[in-house]
Structure formats: C-alpha cells, structure tokens
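Data first, discussion second: the structure below is written as structure tokens.
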Amino acid sequence: MKTAGKIKMVFALAITMMFASNVQAQETKEVKNYDQGFRLGIGLNGGVPTNTDFYNYSLGADVRLQYDLSERTSLTLTTGFTNLFINNGVKDLGFIPVKAGFKAFVWEDQFYVLGEIGGGLAVTNTDVNKKNTYLWAPGLGYATKDIDVSVRYEAYTEYDTNQIALRVAYGFKL
C-alpha cells in the first residue's frame, strides 16, 4: 500500500506540474497596438557626383512622405529639387526627383535600409541637355523620432554621372 500511495503522490505531482506549466505557457507579453500612420520629413541633401571631370557637387532639398506598414517597414514617396553643379561655366543641371520606395528597419528600430526608384524631371539647363531620367537609389540610414540621417547612391540613366549623397532631415507624424 505504501508504494501505491507514493505512486499516487508522484502521479498527482506530475499532473499538477503539467497544469502549472500550461498556465505559465499561456501567459503572454502585452502587445502594444502599433499606430500605423503617416510621417513627413523635410530634408537637405549634399552629394558628390561620380563623374568629377564634368560635375563638381550637388545640393538639394526634399520632402518625403512615409507610410508605416508596421513597426519595421514603411513605404515612401519622395520629391524635391536637386542641382548638379557643372564645371567650366556650363549651366548647371537641376531636376525634380520623384521616387517611390521601401524602408526596412534592420537594427534597434533606428538603423534602416531604403530602396527608391523613380524619375528625374529636368527643369534647368539648355534644351540640348534638358533630359528627363530614370533613377534608382539604394541607401542606409539612422532615424530617431525627429531626425533622419541617410547616405544613398543615386544612379541616373540619362545624365553622365551618378552621385553619393548625404541627407539630413527633420520628420514628424501627421
């Protein structure tokens, strides 16, 4: 009888442990509701063209609308004005970029990768060199609640250069 009592005790203890572990396994962390929404960033850009024989540098400003799909992914739409300064007294080349992109935060919800594709609408220079272009721009960046700093490589199909550019922006929720 004593052995049967011990077996019942061990059996009861085992069942109690299973229920206790089930109760513990069902406890979950409280998940914050993520507030999807729009952000707007206003930025300044400075760049170094890859063809330094012809182009000196670039300067520009942009506005980026960002829609957060999740805490780590966003869609972007960027436009503004970029001016490529040209050597030897030739008129500069100014264009309006219009780009759509995808932004993914990859480390600590602050460091991200960004890919954009779109077009550049030429608005300055002579009619001979006034060409619209397709463009694509992969980049890396760091963003906080208000500040966004990124570096990108921007490639053009119709201009005799590409550029490596730095963007510093102030952003806010809409």
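Under numbering that gives the first Met the number 0, think of the first position of the sequence shown as 0, with each following residue one higher.
Ideal Cβ positions, reconstructed from N, Cα and C, are used throughout, including at glycine.
| Check | Outcome |
| --- | --- |
| Between which two residues does the beta strand (DSSP E) holding V122 run? | Here V122 belongs to no beta strand (DSSP E), and DSSP marks it neither H nor E. |
| Among residues of its own chain, excluding the 5 on either side of F104, which ones have a beta-carbon nearer than 6 Å to its beta-carbon? | R71 and Y111 |
| Is it buried or exposed for N161, if we count other Cβ within 10 angstroms and need 16 for buried? | buried |
| Considering Q65, what are the terminal residues of the beta strand (DSSP E) in which it resides? | Y54 to D67 |
| How would you call G138, buried or exposed, if buried means at least 16 neighbouring beta carbons within 10 angstroms? | buried |
| Could you tell me which residues DSSP pairs with N44 in its beta bridges? | G59 and R166 |
| Whole angstroms is fine: what's the gap from L92's alpha carbon to F84's? | 7 Å |
| Measuring only the C-alpha atoms, how far is N87 from F94? | 20 Å |
| Could you tell me the boundaries of the beta strand (DSSP E) in which K130 lies? | No beta strand (DSSP E) holds K130; DSSP gives it neither H nor E. |
| Taking the C-alpha atoms as reference points, what is the distance between S57 and N131? | 17 Å |
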